[in-house]
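In our numbering, the protein residues as written are 311 to 491.
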């Protein structure tokens, strides 16, 4: 007969060793175990795509119409001109409608938001190399497939582009996969 009291410590040791080995593989990922399934959750993951958008608004564009696209930027500018304290509000909240795409753009099959990160604001560089561009946005996608859906099919993004088109003189878009040159 097998003594159960003796077997239990060995089974427990085996379970602890197995859990440690699995933990090492998940943490260090030496064989790419987690990279394909978790890259979309990790900012700067191996398959992530950074999408940069630069806007130059038309000189004839009504500032009120631009305010629809970038309301907080222009409110802050107007407040600064009037000397209202606190007008330099958090620039990461500028262009709220563009930034809201992070939560409003969802995949059709899951209804889950797929934009990992987004930030943007009005140019404040003193290098004078802007070539007329005044607003910039950086959007992070977990995979090229997410970026492709955003660019080619997302109805929320398409509606945003349609609304902005009459106001924009030039748009420049650059995409890159992080760390791939």
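Even glycine gets a Cβ: it sits at the ideal position worked out from N, Cα and C.
(request) Output the boundary residues of the alpha helix (DSSP H) element that contains residue 448. (result) No alpha helix (DSSP H) contains residue 448, which is instead part of the beta strand (DSSP E) from 445-451.
(request) For residue 473, count neighbouring Cβ atoms within 10 angstroms of its own Cβ and tell me buried if that reaches 16, exposed if not. (result) exposed
(request) Have a look at residue 370 and residue 356 and give me their C-alpha separation to the nearest angstrom. (result) Rounded to the nearest angstrom, the two C-alpha atoms are 42 Å apart.
(request) Using only alpha-carbon positions, find the residue among 414, 481, 455, 489 that is nearest to residue 428. (result) 414
(message) Please state the DSSP three-state secondary structure of residue 437.
(response) coil
(request) Evaluate residue 481 with the Cβ neighbour count: other Cβ atoms within 10 Å of its Cβ, from every protein chain shown; 16 or more gives buried, anything less gives exposed. (result) exposed
(message) Considering only their Cβ atoms, is the gap separating residue 360 from residue 489 smaller than 8 Å?
(response) no
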